[in-house]
Amino acid sequence: MQVQAIWENGVFRPTAPLTLKHRVVTIQIHDDEVLMEGGEFVAAIPPGEALDLPEPVRLRIAARRARRETLLHGPAECPEEDRPPTDKQVRYARAFEERNAWRGEQGREP
155 MQVQAIWENG
165 VFRPTAPLTL
175 KHRVVTIQIH
185 DDEVLMEGGE
195 FVAAIPPGEA
205 LDLPEPVRLR
215 IAARRARRET
225 LLHGPAECPE
235 EDRPPTDKQV
245 RYARAFEERN
255 AWRGEQGREP
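Quick note on our numbering: the sequence shown kicks off at 155 and runs consecutively.
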């Protein structure tokens with residue numbers, strides 16, 4: 155079966171409604187349809203850069219990308235270690251201690 159679809163913002167959208175038996179299907183795209191330079195695929199334009207966006211929006215996108223990079227590749231921080239446990243955390247810890255005690259009495263590993 156051949157289905158016509160439009161490539162729109164990184165998503166294939168069928169030109170006519172389509173009901174599929176499975177959620178995941180394999181599509182075949184001819185090599186002529188894929189942009190390549192020197193045998194390598196051309197990188198997709200990052201979202202937001204292909205559109206004519208206002209400067210404040212572009213700055214917000216850049217700030218979010220920078221924050222993401224910091225979170226992914228920056229030093230690991232554990233600010234929770236400096237805070238005292240909350241009441242909920244204390245209740246959970248007591249519940250787990252009780253559970254482990256019961257398991258110990260039953261001869262199971264905690």
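Where a beta carbon is used, it is the ideal one built from N, C-alpha and C, also for glycine.
What is the rounded straight-line gap between the Cα of residue i and the Cα of residue j?
{"i": "Leu189", "j": "Gln182", "result": "15 Å"}
{"i": "Arg245", "j": "Asp236", "result": "19 Å"}
{"i": "Leu174", "j": "His184", "result": "22 Å"}
{"i": "Pro239", "j": "Arg248", "result": "12 Å"}
Reducing DSSP to helix, strand and coil, say where residue i ends up.
{"i": "Pro168", "result": "strand"}
{"i": "Ile181", "result": "coil"}
{"i": "Glu263", "result": "coil"}
{"i": "Arg253", "result": "helix"}
{"i": "Gly202", "result": "Because Gly202 carries a pLDDT of 49, less than 50, the predicted location of this residue cannot be relied on, and no value is offered for it."}
Give me the residue from the options with the minimum Cα distance to residue i.
{"i": "Pro171", "options": "Glu252, Gln158, Glu259, Arg218", "result": "Gln158"}
{"i": "Gln156", "options": "Gly164, Glu162, Asn163, Pro168", "result": "Pro168"}
Given a cut-off of 9 Å on the beta-carbon distance, is the pair residue i and residue j in contact?
{"i": "Leu226", "j": "Ile215", "result": "no"}
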